[in-house]
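Residues 32 to 187 (this note's numbering) make up the sequence shown, in order.
Even glycine gets a Cβ: it sits at the ideal position worked out from N, Cα and C.
A short write-up of the structure that comes next.
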Amino acid sequence: MKKVYNFSAGPATLPAEVLKKAQNELLDWNGSGMSVMEMSHRGKEFLSIAVKAESDLRELLSIPSDYKVLFLQGGASQQFAAIPLNLLGDKTKADYINTGAWSKKAISEAKKYCEVNVAASSEKENFTTVPSVSNWKLNPEAAYLHYTANETIGGV
């Protein structure tokens with residue numbers, strides 16, 4: 032087999048031992064007699080995976096016990112709606128920095144819920160740079176500032 036190395040935004044190349052472990056567990060996860068892909072999301076096997084994932088995440092990120100951890104489908108696009116819905120509170124304005132394709136999607140979605148101030152943009156530079164903080168025009172009435180630090184489509 033010819034090994035291909037993936038340097039794109041994601042998913043990343045995995046170590047061979049991780050792939051082999053996944054391969055071995057594909058047909059029979061942890062002696063359960065079934066694949067993870069066949070498990071009921073309410074079954075004890077899957078619930079044990081979810082409990083372990085949450086525990087590991089809490090430890091890795093030092094998440095306090097009074098915070099909830101949610102595992103949601105939808106990826107970044109779903110979060111573009113969740114951010115204003117959760118962070119606006121009683122305010123009606125939010126600041127966004129436009130650094131590329133993902134920022135544009137976030138801005139478009141946020142406009143459904145609030146008044147968006149594009150505080151800075153690198154669109155004139157073809158999104159090849161991040162606008163200098165000294166040039167940001169922040170709105171003091173904004174509930175939050177949204178900044179996409181990893182514009183994987185354009186490479187910034």
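contact_flag[the stretch 120 to 133, the stretch 69 to 86] where n(CB pairs < 8 angstroms) is 3 or more = no
Neighbour-count burial assignment, P115, 16 or more Cβ in a 10 Å radius = Along the sequence shown, read from residue 1 onward, the residue named residue 115 stands at position 84. It is buried - the Cβ of P115 has at least 16 other Cβ atoms within 10 Å.
Along the beta strand (DSSP E) that carries L176, what are the first and last residues, could you check?
-> Working through the sequence shown from its first residue, we reach residue 176 at position 145. 176 to 178 is the extent of the beta strand (DSSP E) around L176.
Could you name the residues of the same chain whose beta carbon sits closer than 6 angstroms to that of A112, not counting the 5 residues immediately before and after it, in chain order?
-> Within the sequence shown, residue 112 is the residue found at index 81, counting from 1. Only E140 meet the Cβ criterion.
Should F38 go down as buried or exposed, given a rule of 16 or more other Cβ atoms within 10 Å for buried?
-> Working through the sequence shown from its first residue, we reach residue 38 at position 7. Classification for F38: exposed.
Compute the Euclidean distance between the alpha carbons of M68 and I94, then round it to the nearest angstrom.
-> Numbered from 1 along the sequence shown, position 37 holds the residue referred to as residue 68. Numbered from 1 along the sequence shown, position 63 holds the residue referred to as residue 94. M68 and I94: Cα-Cα distance of roughly 28 angstroms.
With a 10 Å radius around its C-beta and 16 neighbouring C-beta atoms as the bar for buried, classify Y98 as buried or exposed.
-> Here residue 98 refers to the residue found at position 67 of the sequence shown. Label assigned to Y98: exposed.
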